[in-house]
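A.B. asks: Residue numbers (this note's numbering): 1045 to 1325. Below: one structure in C-alpha cells.
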DNA sequence: ATCCAGGAAAACG
DNA sequence: CGTTTTCATGGA
C-alpha cells in the first residue's frame, strides 16, 4: 500500500476535507478508511497523522485532487480576520478545497437545490449506478459518473433517479454540454465573474450553484456560495441588521458575498467552507 | 403531520 | 425592475 508523508508545515485533515459537505461521493468505512469514486478511479484512503495511505490512483492524482499544493497555512492566515472565523478555523483545521471533476460537480449542484445532503448523495449515486460504467478496486465495486452524452441520450431522460423538478434541468444541461466540447477549458480560462455569468445560462444553475461549482471544481477561490446555512451564519455574526426570516433575495445574496469578499479577501471561498464545516444545527 | 434542506425559474405586480 | 409562488423529494 503506497503512502504519502505530509510536511508538518502543511496541515491536512482527511475527515474534515471529505466530511464537510463539499463532495457527495465518499463513504466513511471502518478504521478511518474512506472509499470514493473520482473520475475513473475507486480510491481507498486513510490518514494516520502525517501519513496518508491510499490505493486506487497514482500519487500525483491524489496530491492534485486533495490540493496538497495549496499553501493552506498562508491561506488560513489570510482569512483569519475575526474571532468567529478563528474559531471555525480551529474546529476544521486541515480542511482543503478539493479539485472535483467538473462535469460531475456541475450536475451535483444542479441536484442540490432545496435538498439536504443525504438526499443529494443518494441522487448522485443513483445517476452513477444507472448510467455510469462499473469500475472495480479489488473486491470493491463502484460506478464512474456518466458523461454528458450518456445523460443527454438516455432513453428515459433520467426518469427514476428521483431528481424531482431538477430532472429536466440535468437533462437539458447535459444536452447543451454535449454540444460544447471545450466548455471546461472555456470556463477555466474566464475570470470569476464572467465564468459565473456563463454557468448561470445553464438550466438549473443559479447564483448559489454557480458559486459552488466555481469553488469546488474550477479553483475560483474568491467565490462565496450563500446557502441557507451560510446566510444564517453571516447574518448572526457579521451582518446583524439584515432580515433573517424572509426568503433570500438576489440583492441580499450580493450584499453577503460582497461583504465576504471584502472582509475575508481573495480566499473568501476557503472562509466559506470553514464556516460551513463548523456550522451547528 | 409539519417544517426544512448547500434554490432556481416562472409568474406576478 | 423586485418580489412571490411553485416545484419534487426525503430527513428530522
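All C-beta atoms, glycine included, are put in the ideal place defined by N, C-alpha and C. Note that the coordinates shown come from a computational prediction; the quantities given were computed from them, not determined experimentally.
For the alpha helix (DSSP H) holding residue 1174, just list the boundary residues, first then last.
C.D. replies: In the DSSP assignment, residue 1174 falls within the unbroken alpha helix (DSSP H) covering 1161-1175.
A.B. asks: Can you confirm whether the stretch 1216-1224 touches the stretch 1242-1256 when touching is taken to mean that 3 or more C-beta pairs between the two stretches lie within less than 8 Å?
C.D. replies: yes
A.B. asks: How many angstroms separate the CA atom of residue 1054 from the CA atom of residue 1108?
C.D. replies: 15 Å
A.B. asks: Could you tell me if residue 1255 is buried or exposed, where buried requires 16 or more neighbouring beta carbons within 10 angstroms of its beta carbon?
C.D. replies: buried
A.B. asks: Report the partner residues of residue 1095 according to the DSSP bridge assignment.
C.D. replies: In DSSP, residue 1095 forms a bridge with 1049, 1092.
A.B. asks: Residues bridged to residue 1178 by DSSP?
C.D. replies: 1187
A.B. asks: Take residue 1132 and list the residues in its own chain whose beta-carbon comes closer than 6 Å to its own, dropping the five residues that flank it on each side.
C.D. replies: 1318, 1319, 1322
A.B. asks: Cβ of residue 1329 within 8 Å of Cβ of residue 1304?
C.D. replies: Residue coverage of the chain in this structure runs from 1045 to 1325, which leaves residue 1329 outside it and unanswerable.
A.B. asks: Skipping 5 residues on each side, what residues in its chain have a beta carbon closer than 6 Å to that of residue 1070?
C.D. replies: 1062, 1078, 1080
A.B. asks: Between 1163, 1151, 1167, which lies nearest to residue 1196 when the distance is taken from Cα to Cα?
C.D. replies: 1151
A.B. asks: Grab the span of the alpha helix (DSSP H) containing residue 1232 for me, first residue to last.
C.D. replies: 1227-1233
A.B. asks: Assess, as a yes-or-no matter, whether the stretch 1275-1283 is touched by the stretch 1160-1171 under the definition of 3 or more beta carbon pairs within less than 8 Å.
C.D. replies: no
A.B. asks: If you drop the 5 nearest sequence neighbours on each side, which residues of the same chain put their C-beta closer than 7 Å to that of residue 1296?
C.D. replies: 1286
A.B. asks: Buried or exposed: where does residue 1175 fall if 16 or more other Cβ atoms within 10 Å of its Cβ makes it buried?
C.D. replies: For residue 1175, the number of other beta carbons within 10 angstroms of its own is at least 16, and it is reported as buried.
A.B. asks: Alpha carbons only, please: which of 1059, 1263, 1283 is nearest the one belonging to residue 1298?
C.D. replies: By alpha-carbon distance to residue 1298, the top candidate from 1059, 1263, 1283 is 1283.
A.B. asks: Nearest-angstrom Cα distance between residue 1086 and residue 1182?
C.D. replies: 10 Å
A.B. asks: How many whole angstroms separate the CB atoms of residue 1231 and residue 1262, which I take to be in contact at a CB cut-off of 8 Å?
C.D. replies: 6 Å
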